[in-house]
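Q: Structure provided below as structure tokens; questions to follow.
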Amino acid sequence: MDIRVTNHSPLNIFIVDDDPDDQELLLEALELAGLTCSSSTFADGQELLDQLQDGELPDLILLDLNMPRVDGQTALDRIKSSARLRRIPVVVLTTSRSEADVDRCYELGANSFITKPRSFEDLLDLVETLGDYWTRVVRLPPH
Amino acid sequence: MNSNNRKPAYIIAVDDDPDDRDMIEMALSETKLPTRLELLQDGESLMQHLQDTTKPVPDMILLDINMPRMNGLEALAQIKQHPRLKTIPIVMLTTSKTQDDITRSYQLGCNSYISKPVLYETLVDLMNMLHQYWISTVEHPFIQKAIDEHLGAG
Chain A
98 MDIRVTNHSP LNIFIVDDDP DDQELLLEAL ELAGLTCSSS TFADGQELLD
148 QLQDGELPDL ILLDLNMPRV DGQTALDRIK SSARLRRIPV VVLTTSRSEA
198 DVDRCYELGA NSFITKPRSF EDLLDLVETL GDYWTRVVRL PPH
Chain B
123 MNSNNRKPAY IIAVDDDPDD RDMIEMALSE TKLPTRLELL QDGESLMQHL
173 QDTTKPVPDM ILLDINMPRM NGLEALAQIK QHPRLKTIPI VMLTTSKTQD
223 DITRSYQLGC NSYISKPVLY ETLVDLMNML HQYWISTVEH PFIQKAIDEH
273 LGAG
């Protein structure tokens, strides 16, 4: 596929998930998918918001919903209500596929909502599709 | 991956250039994917189409930026502020590569931004990837499904 856009590389991806096993699987899938990216992990929405307030900004955020302290929807709302942060693409990646969650996340401005597959094989396929799309097809906003 | 594949994906493409509209139509049909395409020529005709509540809500919109009457950024802003329409995935598909247009589009709430390929073969690849991501992978808002079912559309 030679759509190849000139995004600044390597891409900086933030993974927000309270389950260390899920974080680990996602990181492994990203590596196996051969994406040239650097990634940082956060255990909940509060950790993410703290980083976004003071630290380096990511190119893409993969956001779980059910997390302690600050959940994914609250974090999403804060990001998409902020003039400084709202341009950052947020992909909600969660085990939930409840109608209320999907609708609410799109209303809050999620760039996409994806249900996390159960098997590692399917997760690998998903990460490949996701990675291909956001790193090779889409033009990301400049920082 | 998701459960939205039960009927042809309904896609609206908005572009003022008739040649580009033809290319999009040809490229999409060349993918052989089950899709239903509606071609519109500017933001104003898009808004009229979407505001007609007898018409089904699209699964996604491909939106050019530079168009007469109402440009893509204005249409994007209106859709993303509209309570019934704001959840529709909007992919900007444009020749513009200016940082300003990219940033503005994301600020206004576009779901992603893609540069229009020059080569026809690349456009066919792109249509395949768009379908793979937006139709086969991503969950779609249920609000839209409910409206469509209410209309008995599809």
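Chains as they are written, first to last, in this note's numbering: chain A, 98 to 240; chain B, 123 to 276.
The C-beta atom is built at its ideal place from N, Cα and C for all residues, glycine as well.
#1: Quick one: what's got a C-beta closer than 7 Å to Thr225 of chain B's C-beta in the same chain, skipping five residues either side?
#2: Which chain A residues sit within Cβ distance under 7 Å of Pro263 of chain B?
#3: Give the range of the alpha helix (DSSP H) segment to which Asn250 of chain B is assigned.
#4: How is Arg194 of chain A classed by DSSP in three states: helix, strand or coil?
#5: Does the distance from the C-beta atom of Val167 of chain A to that of Asp141 of chain A stay below 8 Å?
#6: Whole angstroms is fine: what's the gap from Ile133 of chain B's alpha carbon to Ala130 of chain A's?
#7: Within the same chain, show all residues whose beta-carbon is closer than 7 Å to that of Leu122 of chain A, passing over the 5 residues directly before and after it, in chain order.
#8: Given a cut-off of 8 Å on the beta-carbon distance, is the pair Tyr228 of chain B and Arg184 of chain A in contact?
#9: What is the residue span of the beta strand (DSSP E) that Thr157 of chain B lies within?
#10: So with Cβ pairs under 8 Å, would you call Lys208 of chain B a contact of chain A?
#11: Using DSSP's beta-bridge definition, name the partner residues of Ile211 of chain A.
#12: Do the CB positions of Thr212 of chain A and Thr192 of chain A come within less than 8 Å of each other?
#13: Closest Cβ-Cβ distance between Asp99 of chain A and chain B: below 8 Å?
A: To lay it out plainly:
#1: So no residue of the chain qualifies.
#2: The answer, in chain order, is Val199, Asp200 and Tyr203.
#3: Its alpha helix (DSSP H) spans residues Tyr242 to Leu252.
#4: Note: Arg194 of chain A maps to coil in three-state DSSP.
#5: Yes, the pair counts as a contact, with Cβ atoms nearer than the cut-off.
#6: Approximately 29 Å, taken between the alpha carbons.
#7: Once the five neighbours on either side are set aside, the close Cβ partners of Leu122 of chain A are Phe217 and Leu220.
#8: Yes, Cβ-Cβ distance for Tyr228 of chain B and Arg184 of chain A is below 8 Å.
#9: For Thr157 of chain B, the enclosing beta strand (DSSP E) covers residues Thr157 to Leu162.
#10: Cβ-Cβ to chain A under 8 Å: yes for Lys208 of chain B.
#11: Ile211 of chain A is bridged to A:Leu190.
#12: Going by C-beta atoms, Thr212 of chain A is nearer than 8 Å to Thr192 of chain A.
#13: Summary for Asp99 of chain A: the model assigns pLDDT 46, below 50, so the residue's position carries little reliability; its value from the coordinates is reported in the next sentence. Yes - at least one Cβ of chain B is within 8 Å of the one on Asp99 of chain A.
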